[in-house]
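Written out below as structure tokens is the structure these notes cover.
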Amino acid sequence: MTAERAADDLLAGVPTGVLIDGVWRDARGGARIGVEDPSTGKVLLEVADGDAADMVAALDAAAAAQASWAATSPRDRAEILRRAFDEVVRRADDFAWLISTEMGKPLAESAGEVRYAAEFLRWFSEEAPRISGSWRRSPEGTSRLLTMKAPVGPTLMITPWNFPLAMATRKVAPAVAAGCTMVLKPSELTPLTSLLFADLLQQAGLPAGVLNVVTTSRAGEATLPLLGDPRLRKLTFTGSTAVGRILLSAASEQVLRTSMELGGNAPLLVFDDADLDVAVQGALDAKMRNVGQACTAANRLLVHESVAEEFSRRLSAAMSGLVVGPGVEPGVQVGPLIDARAVDKAERLVDAARAEGGEVLTGGHAVPGDGHFFEPTVLRAPATAAFVQEEIFGPIAPIGTFAETDEAVALANSSSYGLASYVFSRDLSRVLDVVERLEFGMVGVNQGVISNAAAPFGGIKQSGLGREGGAEGIEEYLETKYVGLAP
Ligand code: NAD
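Numbering (this note's numbering), first residue to last: -2 to 484.
What follows is the structure, encoded as structure tokens:
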């Protein structure tokens, strides 16, 4: 079979409707959205464009399924997740191809996302049977204090386009484990992966109505009625801080449980005792994963002044050697940005860097031709430049310098974001001191990739609320009920 034919067959197997109560159907209004390949601008498939009525129908199904789903045994829920894990692993190449095609990242990176995404299914299949409570005597000894866990209830899940499979499994897997029903709204830019995953979950035995999926081009308008509906009990959102703020405000009406995985502005600190080979590789990993379109992407490289020259030279050499092209082509290391707006933003940020005294060491331009490509870019700029306060979300690595550890920590913390951060140093005392003072939810030490299904992922300050993954992840979908028991 030719590669083109295999691709057509795979696309033909992606459901394109809304999934409500176990049935794929068209959107009520009949509207459709074209999903584009960002490497070519070509429409891959059209999917149903749901509206508020579709969302409410999805919540009807989720609310109706909640009680019976909560009553299923943890082992049964675990088995569904385990079967889904096996199936995602079996179809890893299909998922990787689909991610690269609708989102743009190179195939090797998509394969990495599939492994990461699948791990949430396996991890939470193992967590489901371990949901537990506690028993203790009251301090005065007069009664027993019991705690038990119950699923939060129907949950609205809103996911971004940059990790179309992992952002879905990181929410869906703990919700399944906890016994919550769901309405998933994937990004309208990359819905295909989520739609295929939802279909796979049905086949793995997830009962009708537990997971409902509606893609929409009018996210605000379509989801608002759900946030005001008393049957909804939780909102979990991954996306920009700007949209997170709007949603938090809307969620306050019903005092919804909320989990917010928002934007980041990760500092990457390189001290004078760092192993520079490790630091350059770590910076490449932290900067270029997903072409810089990751909430964990290194946004500000802060390098000790004594090694800044050498670090800049090595990083520029590595960045300028990266192969840019469509993610599905062999050997490509850097794919396109998601859309034309992202390219405009990268150009604007390079201009802003120059205006603030920055010097471009390599790259700095959009790549002419089809698709939304931008050159891997390294620039030197003052560590206090205003443009680095913004989330770059592109392949631009701005290098600033510092002289003292206190200065490095102060610069790192001078952001309203607090998601990921990175430290490169071989001095354990320094590492511990800096790690304890960094105001970030996550710190990578001598490594540029920190995401792991077994670790609590999340941010502080305006980067969010709550944690996904790890032992903490399932708690986001559980309520604690306390029972006071007099003997
Ligand atoms: P976005 O905020 O524009 O959109 C995220 C999702 O929200 C999409 O599904 C979108 O359709 C939906 N949405 C937009 N407006 C809405 C509204 N008014 N009401 C309801 N839903 C709405 O973000 P994006 O561009 O898709 O993703 C990039 C952002 O996501 C970056 O800021 C990145 O840092 C962040 N992100 C964070 C994490 C994390 O775990 N902290 C992970 C990935 C991405």
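The beta carbon of each residue, even a glycine, is placed where N, CA and C say it ideally should be.
Option in the options with minimal Cα separation from residue i
i, options, result
"Ala315", "Lys342, Ala339, Thr293 and Ala276", "Ala276"
"Ala452", "Met439, Arg72 and Ser36", "Met439"
"Ser412", "Gln459, Tyr419 and Phe390", "Gln459"
"Gly366", "Pro157, Thr37, Glu388 and Ser97", "Thr37"
"Ala115", "Tyr479, Ile471, Ala450 and Gly461", "Ala450"
"Gly415", "Asp269, Thr152, Val210 and Ile457", "Ile457"
"Glu123", "Gly130, Ile155 and Val173", "Val173"
"Pro395", "Leu229, Met154 and Ala263", "Ala263"
"Pro204", "Lys284, Ala67, Phe370 and Asp48", "Ala67"
"Leu208", "Ala59, Ala247 and Arg427", "Ala59"
"Ala75", "Glu476, Pro171 and Arg87", "Pro171"
"Leu253", "Val480, Gly14 and Glu473", "Glu473"
"Thr187", "Ile335, Gly455 and Ala378", "Ile335"
"Ser191", "Phe160, Phe437, Cys177 and Glu401", "Phe160"
"Leu475", "Val86, Glu110, Ile96 and Ser129", "Ser129"
"Val267", "Gln330, Arg167, Leu259 and Thr402", "Thr402"
"Ala93", "Ile77, Phe82, Glu302 and Val111", "Val111"
"Ala89", "Leu104, Arg79 and Met100", "Leu104"
"Ser237", "Ser131, Gly261, Ala294 and Ser107", "Gly261"
"Arg338", "Ala0, Pro35 and Asp23", "Pro35"
"Gly31", "Ala24, Leu41, Ser422 and Ala0", "Leu41"
"Leu376", "Thr69, Thr156, Ala350 and Ala383", "Ala350"
"Gln386", "Pro373, Ala409 and Gln278", "Ala409"
"Gln330", "Asp48, Leu358, Leu244 and Ala108", "Ala108"
"Pro151", "Ser140, Gln63 and Arg133", "Gln63"
"Met154", "Glu404, Leu435, Val20 and Ala165", "Ala165"
"Glu372", "Gly322, Gly176 and Asp73", "Gly322"
"Ala175", "Arg228, Val149, Ala294 and Gly361", "Val149"
Residue i in three-state terms, based on DSSP
i, result
"Arg377", "strand"
"Trp132", "strand"
"Trp566", "Nothing about residue 566 can be read from this structure; the chain reaches only from -2 to 484."
"Ser503", "No statement about residue 503 is possible, as the shown extent of the chain runs from -2 to 484 and does not include it."
"Gly176", "coil"
"Lys458", "strand"
"Ala451", "coil"
"Phe399", "strand"
"Arg74", "helix"
"Leu268", "Looking at the sequence itself, residue 268 is Phe, so the reference to Leu does not match. Coil, per DSSP."
"Gly27", "coil"
"Thr293", "coil"
"Arg80", "helix"
"Thr477", "strand"
"Gly235", "Note on identity: in this sequence residue 235 is Thr, with Gly being the wrong assignment. Residue state, collapsed to three classes: strand."
"Leu299", "strand"
"Ser422", "coil"
"Glu33", "strand"
"Thr13", "coil"
"Lys168", "helix"
Buried/exposed call for residue i, threshold 16 Cβ in 10 Å
i, result
"Gly318", "exposed"
"Glu433", "exposed"
"Tyr419", "buried"
"Ser426", "exposed"
"Leu162", "buried"
"Gln200", "exposed"
"Ser256", "buried"
"Tyr479", "exposed"
"Leu429", "exposed"
"Lys39", "exposed"
"Arg230", "buried"
"Leu78", "buried"
"Arg242", "exposed"
"Arg286", "buried"
"Gly217", "exposed"
"Glu356", "exposed"
"Ala248", "buried"
"Gly26", "exposed"
"Thr144", "exposed"
Cβ distance (whole Å) where residue i is taken to contact residue j below 8 angstroms
i, j, result
"Glu250", "Thr213", "The Cβ separation is near 20 angstroms, so there is no contact."
"Leu189", "Val11", "5 angstroms"
"Phe399", "Glu302", "7 angstroms"
"Val180", "Val211", "7 angstroms"
"Ser422", "Asp274", "About 14 angstroms separates the two Cβ atoms, so there is no contact after all."
"Gly553", "Ala468", "With the chain represented from -2 up to 484, any question about residue 553 goes unanswered, as that position is not in the structure."
"Ala280", "Leu299", "Between Leu299 and Ala280 the Cβ distance is about 11 angstroms, and since that is not below 8 angstroms, they are no contact."
"Asp5", "Gly14", "Wrong, their Cβ atoms sit about 19 angstroms apart, outside the cutoff."
"Ala383", "Glu353", "7 angstroms"
Distance cut-off 8 angstroms: residue i Cβ against heavy atoms of the ligand ZN
i, result
"Ala291", "The ligand content of the structure shown is limited to the ligand NAD, which means the ligand ZN is not among them."
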